[in-house]
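Undergrad:
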Amino acid sequence: MREGVVNGSALGKYSSLLGEDVFFVPCEWGTKRPIVTYVERPFEGTKTSAYRGLFDLEPTNIAVYLGQASGGLCAIDFDVDDDLAAFLAVNPKLAATTRSRGSRGGMVWLRVQGDYPESCNPYHKRFEWRADNRLSTIYGRHPSGVDYTLIVDAPPVTVTFDEIVWPDGWELPWTGKAGR
């Protein structure tokens, strides 16, 4: 049995963990390529037996369509372990939130109440803020060949965006200034 699978259903495991309001997207194994179109698909369409059956194709990666599409579920992607550690050091509450790992660093999953900035491209070196109109993979095989792992198997912590603390000196793309 692969890591993260409960009773043979990875989708069931991640639905229980992240919530029933999450918009899951099936992707080709070992890639980030969706198997189906999803951008214009209504959320209700993700609950049909035909759509959910796509996740039973073996093997299938599972991604999340982030932000408003998933009830405010957002993610912060870190490629460097030290950056992730620095972020968690100033956000102890987020040390208990869902956290996954692909080939390096980690993904911090959180539910954001209220407003939050648009997703940002990682033009800076420390992190990538992923929200509306972005996908993040939580289960399957990373394109580098390693399996995604769940580092913290706990539901996402709920915060407002303003509660997130950014380490001193980090460039914040939505403000054009460094943190704190």
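Last residue of the sequence shown: 176 (the numbering used here), numbering continuous. For each residue, glycine too, the CB sits at the ideal point set by N, CA and C. Treat the numbers as computed from the prediction; the structure is a model and nothing was measured.
1) Around the Cβ of SER66, are there at least 16 other Cβ atoms within 10 angstroms (buried) or fewer (exposed)?
2) Could you tell me if GLU124 is buried or exposed, where buried requires 16 or more neighbouring beta carbons within 10 angstroms of its beta carbon?
3) According to DSSP, GLN109 sits in a beta bridge with which residue or residues?
4) Using only the heavy atoms of the ligand FAD, determine whether one of them is closer than 7 Å to the beta carbon of ILE58.
5) Pick helix, strand or coil for GLY102, following the three-state DSSP scheme.
6) From VAL86 to GLY110, what does the alpha carbon distance come to, in whole angstroms?
7) From which residue to which residue does the beta strand (DSSP E) around TYR135 run?
8) Indicate whether PRO163 and ALA82 have their beta-carbon atoms separated by less than 8 Å.
9) Could you name each continuous beta strand (DSSP E) segment of 3 residues or more that falls completely within the segment 21 to 106, going from the start of the chain to the end?
10) Work out the CA separation of LEU80 and VAL104 for me, nearest whole Å.
11) Please report the distance separating the alpha-carbon of ALA59 from that of CYS23.
12) Within the chosen definition, does the segment 86 to 96 reach the segment 49 to 59 through at least 3 CB pairs nearer than 8 Å?
13) I'd like the list of long-range same chain contacts for GLY41, defined as Cβ closer than 8 Å, with 5 residues on each side in sequence excluded.
14) In its own chain, which residues sit with a C-beta less than 8 Å from the C-beta of LEU53, not counting the 5 before and 5 after it?
15) Once the 5 residues before and after VAL76 are set aside, which same chain residues still bring their CB inside 7 Å of it?
16) Verify whether the separation of the beta carbon atoms of ALA92 and VAL148 is less than 8 Å.
TA: Result, derived from the coordinates:
1) buried
2) buried
3) THR156
4) Judged by which ligands are present, the structure shown has none, so any question about the ligand FAD falls away.
5) strand
6) 21 Å
7) 131 to 135
8) yes
9) 56 to 61, 69 to 74, 95 to 97
10) 9 Å
11) 7 Å
12) no
13) TYR47
14) PRO22, ILE31
15) GLY101
16) yes
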